[in-house]
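Asker: Residue numbers (our numbering), protein chains in the order written: chain L, 1 to 313; chain F, 1 to 456.
1) Are the Cβ atoms of residue 167 of chain L and residue 348 of chain F separated by less than 8 Å?
2) Return yes when the Cβ of residue 269 of chain L is within less than 8 Å of the Cβ of residue 227 of chain L, no when it is not.
3) Within this structure, are the beta carbons of residue 175 of chain L and residue 118 of chain L separated by less than 8 Å?
4) Let me make sure I understand the geometry here. Which of L:76, L:62, L:64 and L:81 has the alpha-carbon closest to that of residue 70 of chain L?
5) Here's a check: name, in chain order, each residue in its chain whose Cβ is nearer than 8 Å to the Cβ of residue 447 of chain F, leaving out the five neighbours to either side.
6) Using a Cβ-Cβ cut-off of less than 8 Å, give me the residues of the stretch 342 to 354 of chain F that come near chain L, in sequence order.
7) Is there a C-beta anywhere in chain L that falls below 8 Å from the one on residue 448 of chain F?
8) DSSP three-state label for residue 296 of chain L, please.
9) Sorted by chain position, which residues of the same chain lie with C-beta nearer than 7 Å to residue 368 of chain F's C-beta, five sequence neighbours on each side aside?
10) Does DSSP classify residue 68 of chain L as helix, strand or coil?
11) If we require 3 or more residues per run, which beta strand (DSSP E) segments fall completely within the stretch 74 to 115 of chain L?
12) In three-state terms, what does DSSP make of residue 197 of chain L?
13) Using a Cβ-Cβ distance under 8 Å, would residue 339 of chain F count as near chain L?
14) Mind checking whether residue 246 of chain F and residue 405 of chain F have CB atoms under 8 Å apart?
15) Under 8 Å, with one C-beta from each stretch per pair, do the stretch 228 to 247 of chain L and the stretch 155 to 171 of chain L reach the 3-pair mark?
16) Can a CB atom of chain L be found closer than 8 Å to the CB of residue 263 of chain F?
17) List, in order along the chain, the chain L residues whose C-beta lies closer than 7 Å to that of residue 254 of chain F?
18) Mind pulling the chain L residues with CB within less than 8 Å of residue 270 of chain F?
19) For a cutoff of 8 Å on Cβ pairs, would you count residue 127 of chain L as touching chain F?
20) In the stretch 142 to 168 of chain L, which residues sit with their C-beta less than 7 Å from some C-beta in chain F, listed in chain order?
21) Find the residues of chain F that neighbour residue 218 of chain L, judging by a C-beta separation of less than 8 Å, and give them in chain order.
22) Which chain L residues sit within Cβ distance under 8 Å of residue 474 of chain F?
23) Distance cutoff 8 Å, beta carbons only. Does residue 267 of chain F sit that close to anything in chain L?
24) With a 10 Å radius around its C-beta and 16 neighbouring C-beta atoms as the bar for buried, classify residue 276 of chain F as buried or exposed.
25) Whose Cβ in chain F lies nearer than 8 Å to the Cβ of residue 110 of chain L?
26) Tell me whether residue 276 of chain L sits in a helix, a strand or coil according to DSSP, three-state version.
27) Spatial neighbours of residue 249 of chain F within its chain, please: C-beta separation below 6 Å, excluding the five flanking residues on both sides.
28) Tell me the rounded alpha-carbon separation between residue 278 of chain L and residue 285 of chain L.
29) Distance check for residue 327 of chain F and residue 91 of chain L, CA to CA, integer angstroms please.
30) Output the distance between the C-alpha atoms of residue 151 of chain L and residue 338 of chain F, rounded to the nearest integer angstrom.
31) Is residue 308 of chain F helix, strand or coil by DSSP?
32) Does any C-beta atom of chain F lie closer than 8 Å to the C-beta of residue 226 of chain L?
33) Please list, in chain order, the residues of the stretch 359 to 371 of chain F that have any C-beta partner in chain L closer than 8 Å.
34) Contact check, residue 225 of chain F vs residue 395 of chain F under 8 Å by CB: the rounded distance?
35) Between which two residues does the beta strand (DSSP E) containing residue 126 of chain L stretch?
Shown next as structure tokens:
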């Protein structure tokens, strides 16, 4: 039944795609700092996939370079040929309405989608000269170097110490574990609150503390990139603020990619923003990517402007 | 707190308020009733003391002239036993919460209240219990000798004889000593202090357990081999055979069953093959146990030449309970939320590391629970063991897994099939022993499930 449903949706895709792009003709001509459709690295791009990519003016290395990344769950296509960079030691926010493929894209970065039966990824994500999506690349190694923090705080039902030490231990860390744990907890701005009760269960902490514990857990593996999937959506405003401050601090050492539903949050914490949108056929596509400042003050695509100003559903 | 430091007040945590748990009203009513009835019965006891003579109760005089009173063995049983409990348990119920701490306070003034209570408990209760245990021990030993002397069948004095021959007042007193007095002690502890609520269960539980054992059988029943005479027959070889077989069954079935569950839940792809295995496991759970017995007879007894040994029985039982263990272990694995697996994968754990360090530890309580429940199924199975030829008359203990054996259900089956009524009575006692073991196992499973549950 589900398969028939999706097949049907796919077959109606061309018409729907056309209907979903009504503003293309009326969009204003791009200013000189905007590239259109040529970041595919020589790969031919479907003109209906046109995304606005602002020029990155500062001198920054790219942690990841996405080229035509698509993801499928069975026969259902979740994201369609996304092409964009992820700048190093910066916070990149993925924004967009529900179901536009933000989380799916995030889970492509550390091959988390491999765990879902029937999930499939196409295209290329370049990380240190290698393609992360290559089946010959060890997904376990990828996940060690690209950490992840989830929407709902999910500490292990073990002690705070064990929560942080686990990742390092299974990865064969042989240094001073106490020091590593302390360092990770300090960086996650949690040390002062828990230093006297490291034996306490991670589940006994408050929601905000749990999320910071999860961040400490991710840091302890010493990754290069930290992916955050709506890390503050289950938290109260005070805890949210702490997480946001933390993201800014962590950006000095790590590349951070954060999925968020909260426009203000994206505006506050991120350096770069990618706006994703799903058409009527529910296939997520990149609409606009660029420095957060420009996306928020000078969006070039009408749909981006509508979404940011709150006119989108 | 004064108004001088409002900010400190705001930032401080609210003081913890002790709140009575729900449903305690019903419990309080029940406990008060129990205390009231105990008091009334205490009055009745005092009347009886007056009638019967105080010496009979506080010494072993009651037992000495039992024959002179001309009662049957049973009509005498509840009297000393019941009196024993009344004699010591009621004072404990009264002294322990009220007098004990004051006694301590008088002896060593100035202690904290909690220490007073604890020491009052330490002083009063064990002394009373110790004296009481001595009393019951003596009574029990005397009673068995007496029964043997007068040559009565079914000397184990089980509950059916007791209820059949006891007078109405004796039965009431029996209930009082077995239920109400322990309840009164529990209630006293409950009301005395919040901290005493759980500890105050211990004494009543021991009392009731002791009573149950004492009522249903004499200790010789547990430690005697089967016999041609019902008065001398016991279930020693059957109980040890049951325990021996259960240990081996668990050792065989648990690793295999858990391994199969891990494979099916964590490793197997969802294709027709794994679905077929899954369906067949469910089917196997519904196969009649005698079929397993025939399978065990051919495979273990004949082909593998285990003979009619503990090992053959345990392997057959392991096959029988394997589907239950697999299905319950799968359920336990499924209760580990996906977010835990994702969290472990996200720090670079391999699939085996995720299972080994996270999924298995979190699911282990549930797996053990399922295993215990499977064992409680196996403990009552008779047909497969009869099919593989377990013996019924075993007058020795198995020292190796290849020895002959018998188990409780087979022993019971054998005794029930005998024509003599004495065997029927000891069969009833053996059934109660089996049931107590079963209930204990199930209680252990429930406790384990409660204690290992994680609120994610």
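C-beta: ideal position from N, C-alpha, C; glycine also.
Answerer: Inspection of the coordinates gives the following:
1) Locating residue 167 of chain L in the first chain gives position 167, where the first residue counts as 1. Locating residue 348 of chain F in the second chain gives position 348, where the first residue counts as 1. If you check the CB distance, residue 167 of chain L and residue 348 of chain F come in under 8 Å.
2) Translated into positions along the first chain, residue 227 of chain L becomes position 227. Translated into positions along the first chain, residue 269 of chain L becomes position 269. In this structure, the beta-carbon distance from residue 227 of chain L to residue 269 of chain L does not fall below 8 Å.
3) Counting from one through the first chain, the residue named residue 175 of chain L turns up at place 175. Counting from one through the first chain, the residue named residue 118 of chain L turns up at place 118. No, the pair does not count as a contact, with Cβ atoms beyond the cut-off.
4) If you number the first chain from 1, residue 70 of chain L lands on position 70. Ranked by how close their Cα comes to the Cα of residue 70 of chain L, the residues L:76, L:62, L:64 and L:81 have L:81 in first place.
5) Here residue 447 of chain F refers to the residue found at position 447 of the second chain. Counting only Cβ-Cβ distances below 8 Å, and skipping sequence neighbours, we find nothing.
6) So the list reads 342, 343, 344, 345, 346, 347, 348, 349, 350 and 353, given in the order they occur along the chain.
7) As a first step, residue 448 of chain F must be located in the second chain, where it is residue number 448. With respect to chain L, the C-beta atom of residue 448 of chain F has no partner C-beta closer than 8 Å.
8) Here residue 296 of chain L refers to the residue found at position 296 of the first chain. Three-state result, residue 296 of chain L: helix.
9) The sequence position of residue 368 of chain F within the second chain is 368, counting from 1. Take residue 368 of chain F, set aside five residues on each side of it, and the residues of its chain with a beta-carbon closer than 7 Å to its own are 448, in chain order.
10) In the first chain, the residue the question calls residue 68 of chain L occupies position 68. DSSP places residue 68 of chain L within a strand segment (E or B) once states are collapsed to three.
11) Here the runs fully enclosed are 76 to 87 and 91 to 95.
12) Taking the first chain and counting its residues from 1, the one referred to as residue 197 of chain L is at position 197. Secondary structure at residue 197 of chain L: coil, using DSSP grouped into helix, strand and coil.
13) Translated into positions along the second chain, residue 339 of chain F becomes position 339. So, interface residue.
14) Position 246 of the second chain holds residue 246 of chain F. Position 405 of the second chain holds residue 405 of chain F. Their beta carbons are not under 8 Å apart, which means residue 246 of chain F does not touch residue 405 of chain F by this criterion.
15) Put simply, the stretch 228 to 247 of chain L does not touch the stretch 155 to 171 of chain L. Fewer than three CB pairs are less than 8 Å apart.
16) Your numbering for residue 263 of chain F matches position 263 in the second chain. No, no contact with chain L.
17) If you number the second chain from 1, residue 254 of chain F lands on position 254. The contacting residues do not exist; residue 254 of chain F stays about 23 Å from chain L at best.
18) Position 270 of the second chain holds residue 270 of chain F. Those within 8 Å of residue 270 of chain F in chain L are 117.
19) Residue 127 of chain L sits at position 127 when you count from the first residue of the first chain. Cβ-Cβ to chain F under 8 Å: no for residue 127 of chain L.
20) Near chain F, meaning a CB-to-CB distance below 7 Å, the residues of the stretch 142 to 168 of chain L are 143, 144, 147, 148, 150, 152, 154, 156, 157, 166 and 167.
21) By one-based count along the first chain, residue 218 of chain L stands at place 218. Those are 346 and 347, listed as they occur along chain F.
22) A question about residue 474 of chain F goes unanswered here, because the residues of chain F that appear run from 1 up to 456.
23) Walking along the second chain from the start, residue 267 of chain F turns up at place 267. Residue 267 of chain F is outside the set of residues whose beta carbon lies under 8 Å from a beta carbon in chain L.
24) Mapped onto the second chain, residue 276 of chain F falls at position 276. Counting the other Cβ atoms within 10 Å of the Cβ of residue 276 of chain F gives fewer than 16, which makes it exposed.
25) Looking up residue 110 of chain L in the first chain gives position 110. Simply 346.
26) Sequence index remark: in the first chain, residue 276 of chain L carries index 276 (1-based). Residue state, collapsed to three classes: strand.
27) For this step, residue 249 of chain F is matched to residue 249 along the second chain. Hits under 6 Å: 314, 317, 318 and 378.
28) Start at 1 with the first residue of the first chain, and residue 278 of chain L comes out as number 278. Start at 1 with the first residue of the first chain, and residue 285 of chain L comes out as number 285. Cα to Cα, residue 278 of chain L sits roughly 6 Å from residue 285 of chain L.
29) For the purposes of this step, residue 91 of chain L is taken as residue 91 along the first chain, with counting starting at 1. For the purposes of this step, residue 327 of chain F is taken as residue 327 along the second chain, with counting starting at 1. The straight-line gap separating the alpha-carbon atoms of residue 91 of chain L and residue 327 of chain F is approximately 46 Å.
30) Walking along the first chain from the start, residue 151 of chain L turns up at place 151. Walking along the second chain from the start, residue 338 of chain F turns up at place 338. Taking the straight line joining both Cα atoms gives about 13 Å.
31) The sequence position of residue 308 of chain F within the second chain is 308, counting from 1. It is coil, neither helix nor strand.
32) To locate residue 226 of chain L, count along the first chain from 1; it is residue 226. With 8 Å as the cut-off, residue 226 of chain L does not count as an interface residue toward chain F.
33) Against chain L - using a Cβ distance shorter than 8 Å - the residues of the stretch 359 to 371 of chain F are 362.
34) In the second chain, the residue the question calls residue 225 of chain F occupies position 225. In the second chain, the residue the question calls residue 395 of chain F occupies position 395. Contact holds; Cβ gap of about 4 Å.
35) If you number the first chain from 1, residue 126 of chain L lands on position 126. Start and end: 119 to 127.
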